[in-house]
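Below is one structure, written out as structure tokens; comments come after it.
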Amino acid sequence: MELAPQRYFSRRYLVGGILVLAGVLLLLMNIGIIAHFSLWKFFPLLIIAGGISRLLEPYRRAEGFWLLALGLWLQASILQVGGLTFGDTWPAVLVAFGIFLIWQSAEHDARRRRIEATRSVITPLSTENT
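Heads up: the sequence shown begins at 560 in my numbering, then just goes up one per residue.
In structure tokens, the structure reads:
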């Protein structure tokens, strides 16, 4: 029986992509193709990218959700999307953090059940061989 190869996502792809994008942006600004603007307005994109990379990892999805939600909230508040500001939207952080805690607990419980199920299968097999 042949096992299918496991797919994985390396954070190096994400970090490499971010560096390429940042480099291209800075180069285009330096040679005058695009106007200079404050890159600090877009620092939450790094948090969003970190959240996306965590979402793609098993058992890190709750953390990924939290980083993604936090990054999106910061970006929307800094850019005042829809006229919303930090003062208007801070309760959304409480909602996102509550979801994160619930999700993290569910992931922890699922991981513990999986480990216990594996142990219950392995233990009888090891006693049969002796």
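We put the CB at the ideal spot given by N, CA and C, even for glycine.
7 angstroms Cβ shell around L578 - same chain, five flanking residues per side excluded: If we look at L578 and ignore the five residues flanking it on each side, it has no Cβ neighbours.
How many Å lie between P617 and V652 at the Cα? Note on geometry: alpha-carbon atoms of P617 and V652 lie some 24 angstroms from one another.
Identity of the residue in G575, W625, T677 and R620 nearest P702 by Cα: Limits of the chain in this structure are 560 at one end and 689 at the other, which puts residue 702 out of reach.
Kindly list the residues whose CB is nearer than 7 angstroms to the CB of I590, restricted to its own chain and excluding five residues on each side of it in sequence; keep chain order. When the five nearest sequence neighbours on each side are left out, no beta carbon in the same chain lies closer than 7 angstroms to the beta carbon of I590.
Check whether the Cβ atoms of A608 and A628 sit closer than 8 angstroms, and answer yes or no. When the beta-carbon positions are compared, A608 and A628 stay at least 8 angstroms from each other.
Give the secondary structure of M560 by DSSP, where H, G and I count as helix, E and B as strand, and everything else as coil. Residue placement at M560 cannot be trusted, given a pLDDT of 46 that sits under 50; what the coordinates show is reported in the next sentence. In this structure, M560 counts as coil in the three-state DSSP scheme.
Going by DSSP, what residue range makes up the alpha helix (DSSP H) through A608? Per DSSP, A608 belongs to the alpha helix (DSSP H) from P603 to L614.
At the level of alpha carbons, what is the spacing between L587 and L615? Roughly 31 angstroms separates the two Cα atoms.
Quick check: what's the CA-CA separation for L584 versus K600? One C-alpha to the other measures close to 14 angstroms.
Please name the residue, chosen from G623, L638 and G610, that lies closest to F596 on a Cα-to-Cα basis. When C-alpha distances from F596 are compared across G623, L638 and G610, the shortest belongs to L638.
Residue closest to A669, alpha-carbon to alpha-carbon, out of R619, G610 and I606: Comparing Cα-Cα distances from A669 to each of R619, G610 and I606, the minimum goes to R619.
What does the alpha-carbon distance come out to for the pair F645 and A635? Cα to Cα, the separation comes out at about 9 angstroms.
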